[in-house]
Amino acid sequence: MTMPILELAGVGKTFGGVQALRQVGFALREGQIVALIGPNGAGKTTLVNVVTGAQRASQGRIVFRGTDVTAQRPFQAARAGLARTFQIVQPFPRMSVIENVMAGALFAGAHARVADARSAARDELEFTGLAALAQRPASALTLAGRKRLELAKSLAMRPRLLMLDEVNAGFNSGEIDGALALIRRIAARGITILIIEHVMKVIFSLAERVLVLHHGELIADGNPAEIAGHPRVIEAYLGEKFARRVRELQANG
Amino acid sequence: MTARSWHYFLFGAWVLALASTPLWGGNYVIRLAITIAMYSALTLSWNFIGGFTGYPSFATAAFVGLGSYAGALTQNAGAPMLVAWLIATIFAGAFAAALGGIILRLKGHYFAIGSIGVVEVARLVTASWGSLTGGGDGLNVAFLPGGPDVVARTFLAAMIAIMVAAFAVTVAVDRTRFGFALRCIQQNEDAADMVGVNTTRCKIAAFVLSALFCGTVGAAYASWTGYIDPNESFSLLMTIKVPVMCLLGGAGTVLGPPVGAAAFTLLEEFFWANFLDYNRAILGAVIVILIFFLPGGLLNIPRAWSRIAGRRRSRKAPA
Chain A
1 MTMPILELAG VGKTFGGVQA LRQVGFALRE GQIVALIGPN GAGKTTLVNV
51 VTGAQRASQG RIVFRGTDVT AQRPFQAARA GLARTFQIVQ PFPRMSVIEN
101 VMAGALFAGA HARVADARSA ARDELEFTGL AALAQRPASA LTLAGRKRLE
151 LAKSLAMRPR LLMLDEVNAG FNSGEIDGAL ALIRRIAARG ITILIIEHVM
201 KVIFSLAERV LVLHHGELIA DGNPAEIAGH PRVIEAYLGE KFARRVRELQ
251 ANG
Chain B
1001 MTARSWHYFL FGAWVLALAS TPLWGGNYVI RLAITIAMYS ALTLSWNFIG
1051 GFTGYPSFAT AAFVGLGSYA GALTQNAGAP MLVAWLIATI FAGAFAAALG
1101 GIILRLKGHY FAIGSIGVVE VARLVTASWG SLTGGGDGLN VAFLPGGPDV
1151 VARTFLAAMI AIMVAAFAVT VAVDRTRFGF ALRCIQQNED AADMVGVNTT
1201 RCKIAAFVLS ALFCGTVGAA YASWTGYIDP NESFSLLMTI KVPVMCLLGG
1251 AGTVLGPPVG AAAFTLLEEF FWANFLDYNR AILGAVIVIL IFFLPGGLLN
1301 IPRAWSRIAG RRRSRKAPA
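Heads up: the sequence lines are chains A and B, in that order.
Numbers 1 to 253, taken from my numbering, label the letters of the first sequence in order.
Numbers 1001 to 1319, taken from my numbering, label the letters of the second sequence in order.
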C-alpha cells in the first residue's frame, strides 16, 4: 500500500471545557473522494480547521505527505498543497473574480509573476464555468457563483488535497447536479477530495468512503453501503426511515 | 495610454512643476513646494500600511520625530548630512520592524489607538531623556552654509528626491506580488492567510516601508530648520493630517497620496490666507464634505462624474 496523503492520529481539540474533537484517527489515500458527515456541531468544520492550521490541535498528530504539519499556519498549509473552501464563502470582495483566483495562483500555486498567475487563473475560471464573469467584482456574484469562485481559487492553489466544506449548502437540485459534475472533474485531475456534506445525494453518488463524526468522535468509517447500515450512524444521524430508503435505493442500483 | 502610464506621466509633470518653483516663484512659493513634497513623501509612506494594507496607522509622527532626532544627533556627532539622513532612515525602519511584530496583532480601531499611543510614548521618552536629546529645550542642528536661497533650493531638491523615491517604491509595490498580497490582507486577512500569504511578514514589511521615508523626511526637516523639539517633532496634528491627505486623494492608489497632499496643503494655505479667524474650522468642514461625498478620494472624481452623467442620461432616455 502506498503512503497515505493525510494521516491523523489521536487528534483532539478542546475549547475551554468543550471537547470538539476526541481521539480522531484516519488516513486518506491519494486520489480518493471521501465524505465526512455528521450532525450539526459534530466537529466537522473544526476538523478541517485543525488540518489546515486555522486552529491548533490540542492533542494528537497530523501528517501530510510524510511531514508532521500539526503546528503549521494556514499559509503554510496552502503552500504545501492543502486547500479548503469555506462553508461561509470568503472572497476578496472589492477585487474582480479573476483577481480572486489569481491570489490563489500567486501565493500558493506555482506562479510568482502576476502575468503568469493571470493566465493560470483564466484556465481555472474556464474549468469552473466562471470565465464570462471574470471582470465582475466578486461581491456581485450569486451564492452559487461565489461557491464556484471558492473552488476556482482553491484549484489555482494547485492542491494535492482539497477539503470542501458544504459547497452545496443552499443549492437547488439543478445547481447540485452541476456541482456534482464539477467535483467529479476535479477528482479526475488527481486531486484527493474530502467533502463535508449534508446532502445525501452528493455523498452516496460521489464518495467511495464515508467518515462519520458524532460529538467529536469518529463513530464509523466505511463505504456508503456499510455506513447506511451502521446502527450507530442510523441512531445518531441518518434515522431509521432514511437509512432504509438509502439501502433500498442502493439495492436497486 | 493606459490609466497607469497616464498617472505616471501626471506625476512626472508635477515633479517638474515643483522643481521649477525657484525659476519663477519667491521664497514663499518655494517653501510651499517644499512642504508639498514633504507631505507627499509622508502620505505615500502612510499609503503602504493605511492604503494598500488597510491598517489605519497614526504612527507617522513617531517615525518622523525619531528620524529628526536620529538625524540631528548623528549630524551633531560630526557625520556628514547625507549619512545622518541615511542613518535616520534605517533607524525609523528598524524601529517599525521591532514595533510591528507587536502592534500589528491589533486590528481596526485598536490598532489606530495603539499607534497614536506610540507617538505619545516616543514624545515623552524624548522629552524626558534630557542627557541625550536636550529634553524640552530641544536640539540645535548646524545650518547649511550659503544663505537662505541656497538652503531653500537644497532642501527643495532633497524633499522632491525623497518624494520621488517614495513614489518609485509605491509603483514597484503596486505592480508586484507583494502589493497584491497587501491588497488581499486589506480585503480579508483570514482569506489571505488561507491562499498562502504570510500575513505577519507582509504586514511588518508594509509597516517598515511606511516608516523608512518618514525617517528621511524627519532628518531632512531637522537639517532644514536647524532646531527641533519634542512637541513639534512628535506632532499629533501631523499624525492625523497625513492619513486625511491620503483619504482625500485616494487611499491604496499610486497617484492619490501626492494629489491629496498637494490639495490639502494648497487648501490649507488658501483658507489660512483668506480667513484668519476661522481657517481651521472651514478647512475641517471642506475635508469632511470631500471625504463624505467622494469616498474614493479626489482621484475618483472622473468615475463619480460619469456615473452621475450616466444616471442623468438614463433618466432622459425614456421620455
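All C-beta atoms in this analysis are idealised placements derived from N, C-alpha and C, irrespective of residue type, glycine included.
Three-way DSSP call (helix, strand, coil) for residue i in this model
i, result
"residue 1299 of chain B", "helix"
"residue 1075 of chain B", "helix"
"residue 1254 of chain B", "coil"
"residue 1194 of chain B", "helix"
"residue 1265 of chain B", "helix"
"residue 1319 of chain B", "Unreliable placement is indicated for residue 1319 of chain B, whose pLDDT of 42 sits below 50; the coordinate value is still reported in the next sentence. In this structure, residue 1319 of chain B counts as coil in the three-state DSSP scheme."
"residue 1007 of chain B", "helix"
"residue 67 of chain A", "strand"
"residue 240 of chain A", "helix"
"residue 191 of chain A", "coil"
"residue 20 of chain A", "strand"
"residue 15 of chain A", "strand"
"residue 76 of chain A", "helix"
"residue 59 of chain A", "strand"
"residue 144 of chain A", "helix"
"residue 1058 of chain B", "coil"
"residue 1028 of chain B", "helix"
"residue 1217 of chain B", "helix"
Identified DSSP bridge partners for residue i
i, result
"residue 26 of chain A", "A:8"
"residue 37 of chain A", "A:212"
"residue 84 of chain A", "A:163"
"residue 1140 of chain B", "B:1227"
"residue 124 of chain A", "In the DSSP output, where bridge partners are listed per residue, residue 124 of chain A has none listed."
"residue 137 of chain A", "A:96"
"residue 217 of chain A", "A:214"
"residue 222 of chain A", "A:210"
"residue 196 of chain A", "A:36 and A:165"
Option nearest residue i by Cα separation, candidates the options
i, options, result
"residue 81 of chain A", "A:95, A:97, A:64 and A:70", "A:64"
"residue 1170 of chain B", "B:1147, B:1135, B:1195 and B:1256", "B:1256"
"residue 48 of chain A", "A:176, A:12, A:113 and A:121", "A:12"
"residue 251 of chain A", "A:237, A:232, A:235 and A:204", "A:204"
"residue 105 of chain A", "B:1213, B:1180 and B:1096", "B:1180"
"residue 57 of chain A", "A:165, A:147 and A:21", "A:21"
"residue 1284 of chain B", "B:1122, B:1050 and B:1241", "B:1241"
"residue 1053 of chain B", "B:1003, B:1197 and B:1061", "B:1197"
"residue 135 of chain A", "A:110, A:161 and A:96", "A:96"
"residue 1191 of chain B", "A:31, A:74, A:39 and A:50", "A:74"
"residue 1099 of chain B", "B:1218, B:1009, B:1201 and B:1232", "B:1201"
"residue 87 of chain A", "A:126, A:79, A:150 and A:245", "A:150"
"residue 164 of chain A", "A:173, A:10 and A:37", "A:37"
"residue 1079 of chain B", "B:1141, B:1230 and B:1061", "B:1141"
"residue 101 of chain A", "A:72, A:131 and A:19", "A:131"
"residue 1230 of chain B", "B:1215, B:1268, B:1289 and B:1136", "B:1136"
"residue 1218 of chain B", "B:1024, B:1027, B:1005 and B:1087", "B:1087"
Within chain C, partners of residue i - CB distance below 8 Å
i, result
"residue 90 of chain A", "The chain inventory of the structure shown lacks chain C, comprising the protein chains A and B."
Self-check item: the region 1091-1100 of chain B contacting the region 1063-1070 of chain B, beta-carbon criterion three pairs below 8 Å
Solution: Look at the beta carbons and you see the region 1091-1100 of chain B touching the region 1063-1070 of chain B: at least three pairs across the two are nearer than 8 Å.
Quiz item: Counting Cβ pairs closer than 8 Å, one from the region 1178-1198 of chain B and one from the region 78-97 of chain A, do we hit at least three?
Solution: Yes: the two stretches touch, three or more of their Cβ pairs being nearer than 8 Å.
Quiz item: Would you call the region 1298-1307 of chain B and the region 1245-1260 of chain B in contact, with 3 or more CB pairs under 8 Å?
Solution: Inter-segment contact for the region 1298-1307 of chain B and the region 1245-1260 of chain B is present: three or more beta-carbon pairs are separated by less than 8 Å.
Exercise. Assess, as a yes-or-no matter, whether the region 1221-1235 of chain B is touched by the region 1204-1212 of chain B under the definition of 3 or more beta carbon pairs within less than 8 Å.
Key: The region 1204-1212 of chain B vs the region 1221-1235 of chain B: no contact.
Self-check item: Near-chain A residues of the region 1160-1184 of chain B (beta-carbon distance less than 8 Å), N- to C-terminal order
Solution: The residues in question are 1175, 1176, 1177, 1180, 1181, 1183 and 1184.
Quiz prompt | chain B contacts made by the region 130-162 of chain A, where a contact means CB separation under 8 Å | solution = Residues of the region 130-162 of chain A with a C-beta atom less than 8 Å from some C-beta of chain B are 153 and 157, listed in chain order.
Quiz item: the region 1198-1216 of chain B: which residues have C-beta closer than 8 Å to a C-beta of chain A, in chain order?
Solution: The region 1198-1216 of chain B vs chain A, Cβ under 8 Å: 1198 and 1199.
Quiz item: Is the number of C-beta pairs between the region 36-48 of chain A and the region 209-229 of chain A that are closer than 8 Å three or more?
Solution: Enough Cβ pairs lie closer than 8 Å, so yes.
Self-check item: chain B contacts from the region 110-127 of chain A (Cβ-Cβ distance under 7 Å)
Solution: Under the 7 Å Cβ criterion, the region 110-127 of chain A contributes 112 and 114.
Exercise. Kindly confirm or deny that the region 1031-1051 of chain B and the region 1161-1168 of chain B touch, where touching means at least three C-beta pairs closer than 8 Å.
Key: The region 1031-1051 of chain B vs the region 1161-1168 of chain B: in contact.
Practice problem: Please determine if the region 24-31 of chain A and the region 218-225 of chain A are in contact, where contact requires at least 3 C-beta pairs separated by less than 8 Å. | Solution: As far as the Cβ criterion goes, the region 24-31 of chain A touches the region 218-225 of chain A, which means the pair count is three or higher.
Exercise. Taking a Cβ distance cut-off of 7 Å, strictly less, list which residues of the region 97-110 of chain A are near chain B, in chain order.
Key: Under the 7 Å Cβ criterion, the region 97-110 of chain A contributes 103, 104, 106, 107 and 108.
Quiz item: In the region 66-78 of chain A, which residues sit with their C-beta less than 9 Å from some C-beta in chain B, listed in chain order?
Solution: Within the region 66-78 of chain A, 73, 74, 75, 76, 77 and 78 place their CB atoms closer than 9 Å to a CB of chain B, listed in sequence order.
Quiz prompt | Stretch-stretch touch, CB-based, cutoff 8 Å, three pairs: the region 151-162 of chain A with the region 187-201 of chain A | solution = Segments in contact, yes.
Quiz item: Do the region 1011-1027 of chain B and the region 1156-1165 of chain B touch if we need at least three Cβ pairs shorter than 8 Å?
Solution: By the criterion of at least three beta-carbon pairs nearer than 8 Å, the region 1011-1027 of chain B is in contact with the region 1156-1165 of chain B.
Self-check item: Chain-ordered residues of the region 49-62 of chain A with a beta carbon less than 8 Å from chain B
Solution: Cβ contacts with chain B come from 52 and 54.
Quiz item: Should the region 193-200 of chain A be regarded as contacting the region 166-175 of chain A, the criterion being three or more beta carbon pairs within less than 8 Å?
Solution: They touch, by the three-pair rule.
Quiz item: Taking Cβ-Cβ distances below 9 Å as the criterion, which residues of the region 1278-1290 of chain B are in contact with chain A?
Solution: Of all residues in the region 1278-1290 of chain B, none has a Cβ within less than 9 Å of some Cβ in chain A.
Quiz item: If contact means a Cβ-Cβ distance below 9 Å, which residues of the region 1245-1263 of chain B contact chain A?
Solution: Residues passing the 9 Å Cβ filter: none.
Exercise. Identify each residue in the region 1057-1086 of chain B for which the Cβ-Cβ distance to at least one residue of chain A is less than 9 Å, and report them in chain order.
Key: Taken residue by residue, none of the region 1057-1086 of chain B has a beta-carbon sitting less than 9 Å from a beta-carbon on chain A.
Quiz item: For the region 1106-1135 of chain B, which residues have a beta carbon sitting closer than 8 Å to at least one beta carbon of chain A?
Solution: Correct list: empty, as no residue qualifies.
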